[in-house]
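Just below is one structure, and these are the notes that go with it.
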Amino acid sequence: VQIRHRAGREIPAFMEISRKITFPRGIGLPGRVWTSGKPAWIADVTRDSNFPRAKYAEQDNLHGAFSFPIFNGREVIGVVEFFSHAIQQPDENLLRMMDTLGNLLGQFVARKRAEEEMVARATELSRSNAELERFAYIASHDLQEPLRTVTSFTQLLASRYEKAGDRDAEEFIGFITESVQRMRELIEGLLAYSRVSRGQEPLQDTDLNQIMQQVTANLGAAIHSNDASVTHDPLPVLRANPGLILHLLQNLVSNALKFRRAEPPRVHVSAEHAGPEWRIAVRDNGIGIEPHHAERIFVLFQRLHTRDQIPGNGLGLAICKKIVEQHGGRIWVEPGNPGSVFHFTLPA
Ligand code: ADP
27 VQIRHRAGRE IPAFMEISRK ITFPRGIGLP GRVWTSGKPA WIADVTRDSN
77 FPRAKYAEQD NLHGAFSFPI FNGREVIGVV EFFSHAIQQP DENLLRMMDT
127 LGNLLGQFVA RKRAEEEMVA RATELSRSNA ELERFAYIAS HDLQEPLRTV
177 TSFTQLLASR YEKAGDRDAE EFIGFITESV QRMRELIEGL LAYSRVSRGQ
227 EPLQDTDLNQ IMQQVTANLG AAIHSNDASV THDPLPVLRA NPGLILHLLQ
277 NLVSNALKFR RAEPPRVHVS AEHAGPEWRI AVRDNGIGIE PHHAERIFVL
327 FQRLHTRDQI PGNGLGLAIC KKIVEQHGGR IWVEPGNPGS VFHFTLPA
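In structure tokens:
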């Protein structure tokens, strides 16, 4: 209940009782409007048979009243009432206008409610995301410790059985070592993934040409052994996190080398200024990606090959996506001819 009165003429008794009282369906002016869903007009409330507050209205010299419902669809979600000191006869035009106003107010309230719900849901989503990230971080961090123990005891076992010359044991220990190594890689990947949004550093002017220089230096051995060429057009300088952008481009270029055809990989990075953003493209002449896998590959741990075919853990593109989204951009893949083109945008 909200009660307002026009300045200058106090109505203390009526205000107080209106605040205290609750109105069941059908009772009093609000209860009547609530039940009928129609505006109502009372010429003099002090003489009305269904107006429990009559005594208080009389004390404060209130007589005329009208009221209208506020609708959300078909449901009455509120009632507004007006009072005057004069005895007033019904005014049909005013009632009709108030009816319309009630509907408009209802739509407004419904929209406000929907907006509030949306904000609440978004808040909940980012909270549960943050929780998930914290979980991934803590889990991967804590898992490293027992893994180190397993590693050192396996080494101990290995040296014993080597001396004993037990072939089976050596083979089994080999399997353990391999699995531990794989687990370490997965944990490191998960840590890298959860670190993307931890400790957000301020954005800096980031020269993508310099980043590409670093990428080709870091991937020098792979570029050489694949007999690959990695080239780029003049690239922009952007406000970004240079460490993350290096990670992003290095992941994309390294995938382009890894998922190659028989002919030597050719990777080319280009940039296009499109409105408020830069669109960067990493094009390769590799094995390509079927369009129906185009979304799946950006999901954590999703791969299109087994590890026997091509090594990897399915984290690279998930990390790329997180980095790009962290910067307010989008990432997607399109078929090249041949190969594929990975596009991502960054705010200009
Ligand atoms: P990983 O490289 O460890 O498998 P990614 O998340 O980097 O994980 O990639 C997911 C999958 O997307 C890969 O397994 C591969 O099937 C596909 N993919 C990624 N980059 C390319 C590319 N340049 N050409 C063809 N397929 C690719």
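Using my numbering, read the sequence shown as starting at 27 and increasing by one per residue.
Glycine residues also receive a C-beta, built at the ideal position from the N, C-alpha and C atoms.
Since we're looking at a predicted model, the values are computed, not measured.
The set of residues whose C-beta lies within less than 7 Å of a heavy atom of the ligand ADP reads, in chain order, N277, N281, A282, K284, F285, D310, G312, I313, G314, I315, I323, Q328, R329, L330, H331, I336, G338, N339, G340, L341, G342, L343, A344, G365, S366, F368.
In the structure shown, P302 falls within a coil segment according to DSSP collapsed to helix, strand and coil.
Remark: C-beta atoms of G128 and A112 do not approach each other more closely than 7 Å.
When secondary structure is reduced to three states using DSSP, D231 falls in the strand class. If only complete runs of 3 or more residues are kept, the region 68-127 shows the beta strand (DSSP E) at 90-98, 101-110, in order along the chain.
In summary, M238 is buried, with 16 or more beta-carbon neighbours lying within 10 Å of its beta-carbon over all protein chains present. Sequence-distant Cβ neighbours of L343 in its own chain, meaning closer than 6 Å and more than five residues away, are I323, F324. From the listed residues V263, E289, V279, the smallest Cα separation to E298 is found for V263. When DSSP states are grouped into helix, strand and coil, H331 belongs to the coil group.
In the displayed model, V325 falls within coil according to three-state DSSP, outside both helix and strand.
In the DSSP assignment, R51 falls outside any beta strand (DSSP E), carrying neither H nor E.
Unbroken beta strand (DSSP E) runs of no fewer than 3 residues, entirely contained in the region 242-267, are found at 255-258, 263-266, following chain order. Around the beta carbon of R160, fewer than 16 other beta carbons lie within 10 angstroms, which makes this residue exposed. Contact check for S366 against I315 passes: the beta carbons are separated by less than 7 Å.
Residue burial annotation: D86 is buried, with at least 16 other C-beta atoms found within 10 angstroms of its C-beta. R309 is positioned such that its CB atom lies no closer than 7 Å to that of G355. For V367, the uninterrupted beta strand (DSSP E) segment begins and ends at 366-373. By the CB criterion at 7 Å, R292 and I313 fall outside the cutoff. Less than 7 Å divides the Cβ of W67 from the Cβ of F92.
Take A184, set aside five residues on each side of it, and the residues of its chain with a beta-carbon closer than 8 Å to its own are E196, I199, T203, in chain order.
Shown here for I103: same chain residues with a beta carbon closer than 6 Å to its own, the five before and five after excluded, namely I96 in chain order. V135 sits away from P56, with the two beta carbons spaced by 7 Å or more.
Counting only the Cα atoms, R265 lies some 6 Å from L229. Shown here for K347: same chain residues with a beta carbon closer than 8 Å to its own, the five before and five after excluded, namely F324, I357 in chain order. Per DSSP, the continuous alpha helix (DSSP H) segment holding I43 begins and ends at 38-46. Per DSSP, the continuous alpha helix (DSSP H) segment holding I202 begins and ends at 193-221. Judged by their CB atoms, E303 and P373 are nearer to each other than the 7 Å cut-off.
Its Cα nearest to that of D125, the residue W60 stands out among W60, E351, L216.
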